[in-house]
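2 protein chains.
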Amino acid sequence: MSARSARVSKPPVIVLVRPQLGENIGKAARAMLNFGLVELRLVAPRDGWPNPSAGPAASGADIVLEKAQVFESVADAVADCAHVYATTVRKRGITKPVVTPEQASRDIHAEEGRSAILFGPERSGLETDDVALARTIVTVPINPEFGSLNLAQAVILVAYEWSKHVPSVAEGGMALSQPTQEELAPPAPQDELDGLIGQLDAMLEDSGYYFPPDRVPSTRRTLRTVLTKAGWSSQELRTLRGVLSALEGRKRHRIS
Amino acid sequence: MSARSARVSKPPVIVLVRPQLGENIGKAARAMLNFGLVELRLVAPRDGWPNPSAGPAASGADIVLEKAQVFESVADAVADCAHVYATTVRKRGITKPVVTPEQASRDIHAEEGRSAILFGPERSGLETDDVALARTIVTVPINPEFGSLNLAQAVILVAYEWSKHVPSVAEGGMALSQPTQEELAPPAPQDELDGLIGQLDAMLEDSGYYFPPDRVPSTRRTLRTVLTKAGWSSQELRTLRGVLSALEGRKRHRIS
C-alpha cells in the first residue's frame, strides 16, 4: 500500500438494526451506492434475508445487497469497527457526544480504523442498548416541528456528507462526478463587447433615442453597465450582433 | 419589518416539473418540511391534483400539500422568482454556471428576491427548455457509476443544504455587515425578463431573423440563455425595453 493511499480512511460500514421492510433496505442500498458506500450490514432483519422486496427498491444497487452481511446482534455487526456512531433524532438519556452528519464525516475521514454507522428500525429508531454500543451520536439538525426522517433519507444524508469529504483522486481518494464549469465559456475580451455597444449605439443615435442631449453621457454609461453585467462570451456576443443586424436589416428592408 | 429580519432571505420555492407519481410528490413534501421548506409548486402533474396517493406518502406534511399551487408551465410557476435553479444530474449542452447544493444554498441565502429550484419528472429529468429558464444549474456530486437519485432524495439533499445555512438569530447582525450587496439591485422577477424576451422575439419574427424554421427552437433557447445570464434588475429591464422601443419606433418613423 502506498503512503498516499494509506492516508485515505476506509469508507464507513452502514448497519441497519432490525430493519422492518425489505423495500427500505433496498432504498438504503441505493442511497449508499449513490455516494460511493458499498458495505451494508443487517442486524436481525424482521422478515429474514434475502428479502424479495429489496432488489426492486434498490434500482440497480444490487452489488450492495449481494454483499450485505447478516448478524444476530449489533455487537457482532460492529465487532471489527473502531468507531461506532449511532444515528438518532431524539434526545437520549445517555451522555455521549452528539455531532452533525457533517462533523461525523470529518471525524470518520480523520480517524484510522473502520467506522460503523448504526440506523434503527423504521418505526422506533435505535434502542437505548444499541446506542450504548456507540461512542458518538449522530443527529441530523431537523425541523423541530416535523422531525421524522425515513430510513433511506437518513442514510442518504449521512452518505452524502461522507462523500463531500472524500479526498479527490489527486489526494488518493475516489472520483465523484463533480459539477464542472467547462461548458461555460469565459467572457469575451473587452473590445468584442465594445463592438456590440458601438453597433447598438449607432442604431440608437439613428433612432432618436439619445434625448435630451445633456443626459446622453449618463444614458450611455447606464447602457454600458447593463450590457457589461452578463459577461457574455465571444459566441454570445456574435449572437447578439446577429440580432442587432437583423433588426437593422429589417428597417432597411422596410424603407427600401 | 425589522432590519434584522429584512436581511434573512425567503426560503426557496420547490417546483416539481411534470411529476409522475403522487407518492413521490408526497415524499418530496415530507423532505421539504423536514428542513423547514413549505412552498411547493407543481407544473402539470401527470395525474392531476390533488392526488390521493400524495397524502399518505407525506407522513404528516399535509400543510405543504394543502398549500401546493399548480401551474400549467414552468414559466408561470417561476414568474415571481428572481433566481431560478435547475437541478440535473446529466451534463447539458447549455452554457450556464453549475454549482453544488452547498454553493446554491449559500447563494440563495445571500441573494435578495425569491428563489425557485426546479426538479424534473422522475423518469427523464428536466427538459432542455426547462433548464433554459434557469440561470444556474444545481448538480449533486454523485457516484459516476451509479448516478440516479430519486425525486424525494434530490429534494431532501437540497433542502438539507439550505437548512444548514439558515442564519441563526444571533447571526442576524453578521449579515448586516455586507453593505456592498445593498447597492446591487436584485434580479427582476422572471415575468419581467419574459416581457423583454417577448418584445424582442416579436421584433425578430418581423425581421426575418428566425430562419431556417427547423432551427428556431434552438435559436430561441440560445437567446433566452444569453438574456438570462446577467440577472438584470427591474430598472435595467425597463432600460432595455426602452432601447427596443426606440429601435422599433425608428423603423415606424422611417417607413411612415
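Protein chains in written order, with our numbering: chain A, 154 to 409; chain B, 154 to 409. Just so it is clear, CB atoms sit at the ideal spot from N, CA and C, and this is done for glycine as well.
Query                                                                                                                                                                 : Result
Which residues of the stretch 281 to 314 of chain A have a Cβ closer than 8 Å to any Cβ of chain B? Give them in chain order.                                         : V293, P294, I295, N296, F299, G300, S301, L302, N303, A305, Q306, I309, L310, Y313
Taking DSSP's pairing of strands, which residues face L169 of chain A in a bridge?                                                                                    : A:L195, A:F272
Could you run through the stretch 346 to 363 of chain A and flag, in chain order, every residue whose CB is less than 8 Å away from some CB of chain B?               : L353, M356, L357, D359, S360, G361, Y362
Is the CB-CB distance between M185 of chain A and A312 of chain A below 8 Å?                                                                                          : yes
Which partner residues of I290 of chain A appear in the DSSP bridge assignment?                                                                                       : A:A239, A:V251
Between E389 of chain B and chain A, is the shortest Cβ-Cβ distance under 8 Å, so that the two count as touching?                                                     : yes
When the Cα atoms are used, what is the spatial distance from L393 of chain A to L349 of chain A?                                                                     : 8 Å
Tell me which residues share the same chain as R171 of chain B and place their Cβ nearer than 8 Å to its Cβ, disregarding the 5 neighbours each side in the sequence. : V196, A197, P198, R199, G273, P274
Could you confirm whether any beta carbon from chain B is found closer than 8 Å to the beta carbon of F188 of chain A?                                                : yes
If you draw a straight line from the C-alpha of V227 of chain B to the C-alpha of G201 of chain B, how long is it?                                                    : 16 Å
In chain B, which residues lie less than 8 Å from S212 of chain A when you measure between Cβ atoms?                                                                  : S301, N303
Where do the ends of the alpha helix (DSSP H) carrying V311 of chain A lie?                                                                                           : 304 to 317
Just the chain B side, please: which residues come within less than 9 Å of N316 of chain A by C-beta, in chain order?                                                 : Looking at the sequence itself, residue 316 of chain A is Ser, so the reference to Asn does not match. Chain B residues near S316 of chain A: P294, I295, N296.
Would you kindly report the start and end of the unbroken alpha helix (DSSP H) that includes V217 of chain B?                                                         : 215 to 219
In chain A, which residues lie with their C-beta within 7 Å of the C-beta of A383 of chain B?                                                                         : K382, A383
Do the stretch 166 to 181 of chain A and the stretch 289 to 297 of chain B make contact, defined as three or more Cβ pairs closer than 8 Å?                           : no
On the three-state DSSP scale, how would you describe V231 of chain B?                                                                                                : coil
Hey, is the stretch 377 to 396 of chain B in contact with the stretch 349 to 369 of chain B, meaning 3+ C-beta pairs nearer than 8 Å?                                 : yes
Rounded to whole angstroms, what's the CA-CA distance from D229 of chain B to V168 of chain B? Just pull it up for me.                                                : 11 Å
Chain A partners of T240 of chain B, CB-CB under 7 Å?                                                                                                                 : Simply none; closest approach about 11 Å.
I464 of chain B bridges to which residues according to DSSP?                                                                                                          : Summary: the structure shown does not reach residue 464 of chain B, with chain B confined to residues 154 through 409, and so no result is reported for it.
Tell me which residue opens and which closes the alpha helix (DSSP H) that I295 of chain A is part of.                                                                : Counting along the chain, I295 of chain A falls outside any alpha helix (DSSP H), and DSSP gives it neither H nor E.
Using a cut-off of 8 Å between C-beta atoms, extract the partners of V396 of chain A located in chain B.                                                              : L353, L357, Y362, L376
Who are V223 of chain A's beta bridge partners in DSSP?                                                                                                               : A:L195
How big is the Cα-Cα spacing for P99 of chain A and L193 of chain B?                                                                                                  : Because chain A here runs from 154 to 409, residue 99 of chain A falls outside it and cannot be looked at.
Closest by CA to A239 of chain A, which one among A:E314, A:Q388, A:L271?                                                                                             : A:L271
Closer than 7 Å, Cβ to Cβ, to anything on chain B: give me those residues from the stretch 164 to 198 of chain A, in chain order.                                     : A184, L186, N187, F188, G189
Report yes if the CB atom of R374 of chain B is closer than 8 Å to the CB atom of T281 of chain B, and no otherwise.                                                  : yes
Could you work out which residue in B:P320, B:L304, B:N303 is closest to S162 of chain B when comparing CA atoms only?                                                : B:P320
Taking the alpha-carbon positions, what's the L190 of chain B to L400 of chain A distance?                                                                            : 45 Å
Taking the alpha-carbon of V251 of chain B as reference, which of A:A338, A:P254, A:T378 has the nearest alpha-carbon?                                                : A:A338
CB C234 of chain B to CB V166 of chain B, shorter than 8 Å?                                                                                                           : yes
Please report the straight-line C-alpha distance between G402 of chain B and D359 of chain A, rounded to a whole angstrom.                                            : 11 Å
So which residues on chain A does L393 of chain B lean against when the C-beta distance must stay under 8 Å?                                                          : V379
Is there at least one Cβ from chain A nearer than 8 Å to A399 of chain B's Cβ?                                                                                        : yes
Would you verify that the beta carbon of G402 of chain A is, or is not, closer than 8 Å to some beta carbon of chain B?                                               : yes
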